[in-house]
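First the structure, in the form of C-alpha cells, and then the observations on it.
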Amino acid sequence: MELGGQAPKPRWNPRLVAGGLIVLLAVSALAVRLVQLQVGEYQQLAAMGVQTRVHRVVVEADRGVVYDRHGVQLVVNAPAWALRVVPAALPRDTAARQSELARVALLSGVPEPVLDDLLSRAPDLYLPVTVKTGVGPEQAQAISERLPELPGVELDQTPVRTYADWQDFGHVLGYTNRLNADEYARLKSLGYLPDDTAGKAGVEAGLESILRGRNGWADVETNAAGLAVRTVAGVAPTAGDSVYLSIDASLQKAVGQYLREGILAAGVRAGAAIVVDPRDGQLLALVSAPTYDPNQFTAGISAAAYQRLLQDPAKPLFDRALAGLYPPGSTFKMITAAAGLQEGKISAGSVLPCPASISYGGWTYRNWAGYDMGPMTVEKAIAVSCDTFFYRVADSVGDMSLAGYARAFGYGTAPSFEIPGPQAGLVPDEAWKAQQCQQSGATDCRWNPGETLTMGIGQSALLASPLIQAMYVSAVANGGTLLQPTVVSQVRAPNGQVVSAAHATPVSTVPVSPENLSVVREGMRQCLQASYGTGFLFRNDKFQHDGGCKTGSAQFGGSGTDLPLHAWFTFFSPYDNPEIAIVVLVEGGGEGHDTAEPIAVKIADYYYSHRAQIRAA
Amino acid sequence: MPRSTAAALLRRVDPPQALTVAALLVLGLMTLYSTSGHDFAAQLSGVALGLPLYLASAAFDYRRLQAAAPFLYGLALLLLLTVEVAGHTAYGAQRWIRVAGIQVEPSEISKLLVLLALAAFLARRERVGRREVLILAALGLPPTLLVLFQPDLGTATVFAALLLGLLFLAGAPRLVLGAVLAGVLAAVPVAPHLLHGYQRQRLEIFLDPSRDPLGAGYNLIQARIAVGSGGILGQGWLHGLQGQLGYVPERTSDFIFAVYAEEFGLLGCLLLLALFTVLVYRMGRAAALAPDRFGFLLGAGAAVIVFTQVVQNVGMNVGLTPIAGIPLPFISHGRSALLTDLVLLGLVQSVALRRRLVTVKPESRIPLTESGTVRLPV
Chain A
9 MELGGQAPKP
19 RWNPRLVAGG
29 LIVLLAVSAL
39 AVRLVQLQVG
49 EYQQLAAMGV
59 QTRVHRVVVE
69 ADRGVVYDRH
79 GVQLVVNAPA
89 WALRVVPAAL
99 PRDTAARQSE
109 LARVALLSGV
119 PEPVLDDLLS
129 RAPDLYLPVT
139 VKTGVGPEQA
149 QAISERLPEL
159 PGVELDQTPV
169 RTYADWQDFG
179 HVLGYTNRLN
189 ADEYARLKSL
199 GYLPDDTAGK
209 AGVEAGLESI
219 LRGRNGWADV
229 ETNAAGLAVR
239 TVAGVAPTAG
249 DSVYLSIDAS
259 LQKAVGQYLR
269 EGILAAGVRA
279 GAAIVVDPRD
289 GQLLALVSAP
299 TYDPNQFTAG
309 ISAAAYQRLL
319 QDPAKPLFDR
329 ALAGLYPPGS
339 TFKMITAAAG
349 LQEGKISAGS
359 VLPCPASISY
369 GGWTYRNWAG
379 YDMGPMTVEK
389 AIAVSCDTFF
399 YRVADSVGDM
409 SLAGYARAFG
419 YGTAPSFEIP
429 GPQAGLVPDE
439 AWKAQQCQQS
449 GATDCRWNPG
459 ETLTMGIGQS
469 ALLASPLIQA
479 MYVSAVANGG
489 TLLQPTVVSQ
499 VRAPNGQVVS
509 AAHATPVSTV
519 PVSPENLSVV
529 REGMRQCLQA
539 SYGTGFLFRN
549 DKFQHDGGCK
559 TGSAQFGGSG
569 TDLPLHAWFT
579 FFSPYDNPEI
589 AIVVLVEGGG
599 EGHDTAEPIA
609 VKIADYYYSH
619 RAQIRAA
Chain B
60 MPRSTAAALL
70 RRVDPPQALT
80 VAALLVLGLM
90 TLYSTSGHDF
100 AAQLSGVALG
110 LPLYLASAAF
120 DYRRLQAAAP
130 FLYGLALLLL
140 LTVEVAGHTA
150 YGAQRWIRVA
160 GIQVEPSEIS
170 KLLVLLALAA
180 FLARRERVGR
190 REVLILAALG
200 LPPTLLVLFQ
210 PDLGTATVFA
220 ALLLGLLFLA
230 GAPRLVLGAV
240 LAGVLAAVPV
250 APHLLHGYQR
260 QRLEIFLDPS
270 RDPLGAGYNL
280 IQARIAVGSG
290 GILGQGWLHG
300 LQGQLGYVPE
310 RTSDFIFAVY
320 AEEFGLLGCL
330 LLLALFTVLV
340 YRMGRAAALA
350 PDRFGFLLGA
360 GAAVIVFTQV
370 VQNVGMNVGL
380 TPIAGIPLPF
390 ISHGRSALLT
400 DLVLLGLVQS
410 VALRRRLVTV
420 KPESRIPLTE
430 SGTVRLPV
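Quick look at the structure:
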C-alpha cells in the first residue's frame, strides 16, 4: 500500500461537536470571570493586595533616661532579646498552630493562655507581636536553635530597662512592664500597642508621658512570613525626654543603708526616710524599706516570684514613704502648739504645768514621764514633749479648730507628687465621727471630748504618711509655706536642652503668724540643743549645726497602755534659713529617740559632711 | 521502519498541537522562574526529560497499547495501592511513592493508564449499552476510589469526568447517559459526608472564604487578590508582588495560575485560555481523524482530561470551583504530571500521525475492516 495522497477531512461526529461546545462554554465562563476580577474588581482587589502586603509598623521611641540631680545614670536601656510572633505566619492548621504555641510557651515560659490573649489582641496579623522582652542570652540561644521549626516566631534585639542600685532606688524608680488587657484598653487612645510596655510604678509610671517619647511609624512591605522587605513610607520616632531627679544618688544610698541598719538594729522589718529641701520642696532622698528588685518585672516576673513578693510579711512592694499611714504621735505637737498660740489659748511667755497625769471626763490621761515635770513654756513643752501640757492646749482649742490646723499643715490631703501612690491619711473631728457613725449604723455618734486631748499629742485617729510629715516639717521650718513635694529637678530633651526645671510650688500658707511659728521653731531648737531636749543623741554626737527636731513614739493597734509604738523623728537644719528637713519612721520601732533618731543623726552627719557635693550645681 | 514511511509520518505531524504545547511550556517555565528558582530548575529538567518522551510517544504506534490495556490497568491499580501502603504524606494526603530515589505521584500517571484501559475496552464494543456502562463503571470505580481516599479529590474529579466523557463520546444512548448523570447528581448531597475533614472544610470555605481568612479561606482570598491585581495588562513578568512575596499559596503548583494572572493580566490569561482551547481542539481534531475507534477514544479522552484539569484549576484560582488540588497542565510544577501530560499529548500526535488517507484514485480504496478503520503497515 502506498502512503501519500491528501489528508482526509476530520469526521466531526455530533458528540465531538457537542463536547467542543461544552469546552467553549466553560472557557467563556472562565473568561467572563477573569474580566470580572481583573477589570471589574481590579481596584478593590489591588487595594486588598496593598493592604495585605503593606503594614504600618510602629517604630518605638527610645525611652528617656533617669538621672540623679548630678547626672548619675540610674536607669540603663540595656540591649536584650525580645521574642516575637507573627500571627499570620503561624501554621494555618489549627492543631499544628496550637502545638507550635505550646512549644513557644514551653521555651519562653510565657503561659499559653497569655500567649493566646496577646495574639488575639493583635491589630495587624502580619506584624510581630512581642510575647516576651528581656529574654536572657541562654534562653535566646535555646530558642534560636529551634526557630527553623517554629514558623512565625522571631527573636529581635530591643532595649530593656535595667535598674542599677535597686536596693536604694527601687520604690523611687519603679519599673516598666507589659500592659495587661485593662491597661491597654485605657491607654489605646494614646497610641499604645497591645504588646506595649509602660511604667507601672515609681517615676517610670509617674513620668510615663515625659519618658515615653513619641513613637514613629513606617509602612513596611512584608512577605507572607511577616518579614519586612522594604519601607514604603514613614516618620522617625522622637526619643523621650530625660529626667534629672532632685534625688542625690550618694545621699539616697547613704540614707538607704542607715535606714536598713537602723531597722535591723531595732529588730523590726520596715521603715521610711525622707530628706527634703524645705525651701523648694525638692526631695534629696526618698527611701522605703524593704524594697524589691524592679528588674524582675521588666524581664516579665514569674507568677511564683510575684506571689512571693505579695506574700512577704514585710510587704516589699508597699511604698511606705508615700502610702504608709501611721499615727504621728508627738511629732504632731508643733501643730497643737501653733493652734494654741494662734487661737490665743497660750502665748510665748505663758507657763502651764506638766503633771504626771490629768483627769478628764472620768478618765486619766498620762504623761510619758510618769512624774511631774513642773511648769514650763510651750517651747520647753515641745522640747521635752510634755503630753499633759498639750492635752490642756488641745482641749482649749477644740477638736474642730485643731483639725483645721492639722489640715492646713497638709494632713488629710494626698500630696500631689510625680510618683503615684501618696495617701491622704486621716484627720478626725466631730464631723468625721458623725459621718463614720452613720456609715457603721452606730447609735452613739458624739465625739468623745477625750479624743480631742489624745489628738493633741498626735494620737486619736490621726494618720499621716512620712511624705505628709516631711512637708509639714518643711512648712514649720520655712516659715509657713506648705509646698508641693517633688523628685524632679530638670527635664531635658534628647539634645540636652532643658525642657523644664523644678521650682518651688506652694500649696498654701499656713494660717499661723510668723511670730507664732518662730515660737514653735524655738521649741524644736530646744529639743535639739537644750540640755533637756529629747534630741539628745544629736548632742551626744556633738552635732555641729543648729536646727530643730521632734521625736515621736506613736501608739498603734488599739487603746490603753503598753501598746506597740512607731518610732518617728523629724528634724530641720540649720536653724536660720533651713536647707534640709528629715523625717524618719521605723515601723513598730518603739521610742522615737531609740530607733528613729540614730538614723536621723547619721543622715544629718552625712549631709553636712558631703554638703558641697550634694549642693554642687 | 522504512525511511520513506518515517518521512511520510513526519509530514503528518500536527504542528499546531506541538507549538501550543511548546508555548504552554515556555509560559509555565517563565512563571516558575518568577517565583521559585528551585522549582524552575526541577521543571526544566522535567521538560528536558519529557520532550524526548513526547517524540517517542508520537512515533510509537498507539494501537499496540490496545492489547496491553489489561496490563496497563493492572499497573495503575498497583501503583495506587502502593501509595496506600507505602506513600509519603504531604498536606494531609498520601500521594507520593519513591521509585529509585525519585518522587513519583502515581495518581498523575494513573490518568494516562486508566484512559488507555477504558478506551481500549470501549473500542472493542461497537455499541454502548447498559452492559457496557456497568463494566465501565466497574473498571473506573477502583482507581477513582483509590485516589479519592488518598485523598486526592482533584484526580478523582478527573476520573469521573473521563468516565462520563468517554461514555458520551463512545455513543452511549441518551437514556443511559441521563441515568448516569442523574446518579452523579444524586450523589452530590451525599458526597460532603464522604469527604475528608479538610476537603469538607475546603468546600465550606469555597462557599464563604471570609469565615477563616487566615486559615482555610486564606488560599482563596490570596489567589483572588493576586488574579485581580493583575488588571488588564498585568504587573509584568517577575513583578507580581502577591506571588513574589509568597502570599499566593502553593504558588508553583495548585495556584500558579494566580501568579501568572497577576504578572500577565487579563490579556495574558486570555492568551493562556486560548492556547488551552487550541490544544483541546487539536486533540478533538486528532480524534476526528483517528483511523480507528481506539484512536478516537484516546484522542477525545485525552482532551477530556486536559480540559477538566484546566477548568478545575483555573476555576479554583478565580473562585468558580471548590479547591481540589489539581495541577494546571504544562504550567504547574510537578514532574509526574508534566511527563504524563507530555506522553499523553505524544500519543495523541501518534493518533493524528496514523490518520486514514484519502487516496487519489477512488478505485484503489482499501477495504475497511469491520470496525471501519484501515490498518496501516507501519
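Chains A and B supply the protein sequences, listed in that same order. Taking this note's numbering, the leading residue of the first sequence gets 9, the next gets one more, and so forth. Taking this note's numbering, the leading residue of the second sequence gets 60, the next gets one more, and so forth. For every residue, glycine included, the Cβ atom is placed at its ideal position computed from N, Cα and C.
What are the residues in the segment 327–358 of chain B lying within 9 Å of chain A by C-beta distance? 328, 329, 332, 333, 335, 336, 339, 340, 343, 344, 345, 346, 347, 348, 349 and 355
Please name the residue or residues paired with residue 577 of chain A in a DSSP beta bridge. A/559 and A/592
Only counting the same chain, and skipping five residues up and downstream in sequence, which positions put a Cβ closer than 8 Å to that of residue 288 of chain B? 294, 299, 300, 301 and 321
Nearest to residue 62 of chain A by CA position, among A/112, A/157, A/134 and A/43, is which residue? A/134
With H, G and I counted as helix, E and B as strand and the rest as coil, what does DSSP make of residue 384 of chain A? Reduced to three states, the DSSP call for residue 384 of chain A is strand.
Give me the residue from A/272, A/253 and A/315 with the minimum Cα distance to residue 291 of chain A. A/253
Three-state secondary structure (DSSP) of residue 97 of chain B: helix
Applying the criterion that 16 or more other CB atoms from any shown protein chain within 10 Å of the CB defines a buried residue, is residue 554 of chain A buried or exposed? exposed
Where are the beta strand (DSSP E) runs, 3 residues long or more, that stay fully inside the segment 289–322 of chain A, in chain order? 291–297
Within the 9 Å Cβ cut-off, does residue 230 of chain A reach chain B? yes
Quick one: list the residues of chain B neighbouring residue 60 of chain A, beta-carbon separation under 8 Å, in chain order. Result: 281, 284, 301 and 306.
For residue 140 of chain A, the residue or residues it bridges with in DSSP: A/91
Nearest chain B C-beta to residue 26 of chain A closer than 9 Å, yes or no? Yes - at least one Cβ of chain B is within 9 Å of the one on residue 26 of chain A.
Taking the alpha-carbon of residue 353 of chain B as reference, which of B/228, B/80, B/313 and B/330 has the nearest alpha-carbon? Residue 353 of chain B has its Cα closest to that of B/228, out of B/228, B/80, B/313 and B/330.
Rounding to the nearest angstrom, what Cα-Cα distance links residue 399 of chain B and residue 171 of chain B in this structure? 7 Å
4 or more residues per run - each alpha helix (DSSP H) lying fully within the segment 444–532 of chain A: 457–464 and 474–485
Whole-number beta carbon distance between residue 79 of chain B and residue 365 of chain B, since they are thought to touch under 8 Å: Contact flag wrong, Cβ pair sits at about 11 Å.
Go ahead and label residue 333 of chain B buried or exposed: buried means 16 or more other beta carbons lie within 10 angstroms of its beta carbon, across all protein chains shown. exposed
Just the chain A side, please: which residues come within less than 7 Å of residue 374 of chain B by C-beta, in chain order? 38
Please specify which runs of the beta strand (DSSP E), each continuous and at least 3 residues long, are wholly inside the segment 150–210 of chain B, giving them in chain order. 152–158 and 161–163
What are the residues that DSSP puts in a beta bridge with residue 169 of chain A? Answer by DSSP bridge pairing, in chain order: A/85.
If you reduce the DSSP assignment to three classes, tell me which class residue 239 of chain A lands in. Three-state result, residue 239 of chain A: strand.
For the putative contact between residue 281 of chain A and residue 263 of chain A, defined by C-beta atoms under 8 Å, what is the C-beta separation to the nearest angstrom? Right, their Cβ atoms sit about 5 Å apart.
Could one say the Cβ of residue 288 of chain B lies closer than 9 Å to chain A's Cβ atoms, at least one of them? yes
So, at 7 Å on beta carbons, what are the nonlocal neighbours of residue 108 of chain A in its own chain, with the 5 sequence-adjacent residues on each side left out? 98, 99 and 158, listed in sequence order.
Figure out for me which residue from A/154, A/333 and A/605 has the closest Cα to the Cα of residue 548 of chain A. A/605
Relative to the alpha-carbon of residue 69 of chain A, which residue among A/266, A/539, A/354 and A/219 has its alpha-carbon at the smallest distance? Here the closest residue by C-alpha is A/219.
Strand pairing of residue 225 of chain A, partner residues [DSSP]: A/66 and A/243
Using CA coordinates, which residue listed in A/454, A/327 and A/607 is at the minimum distance from residue 592 of chain A? Of A/454, A/327 and A/607, the residue nearest in Cα terms is A/607.
Got a sec: is the Cβ-Cβ distance from residue 291 of chain B to anything in chain A below 9 Å? Judged by the 9 Å Cβ criterion, residue 291 of chain B is in contact with chain A.
Verify whether the separation of the beta carbon atoms of residue 589 of chain A and residue 475 of chain A is less than 9 Å. no
Contact check, residue 135 of chain B vs residue 178 of chain B under 8 Å by CB: the rounded distance? With 8 Å as the limit, residue 135 of chain B and residue 178 of chain B do not qualify as a contact, their Cβ atoms being about 13 Å apart.
Here's the rule I'm using: 16 or more other beta-carbon atoms within 10 Å means buried, otherwise exposed. How should residue 284 of chain B be labelled? buried
Under 8 Å by beta carbon: chain B residues contacting residue 222 of chain A: The premise fails here: residue 222 of chain A is roughly 30 Å from chain B at the closest Cβ pair, so nothing lies under 8 Å.
Three or more beta-carbon pairs under 8 Å between the segment 463–470 of chain A and the segment 334–349 of chain A, yes or no? yes
Mind pulling the chain A residues with CB within less than 8 Å of residue 377 of chain B? 38, 41, 42 and 45
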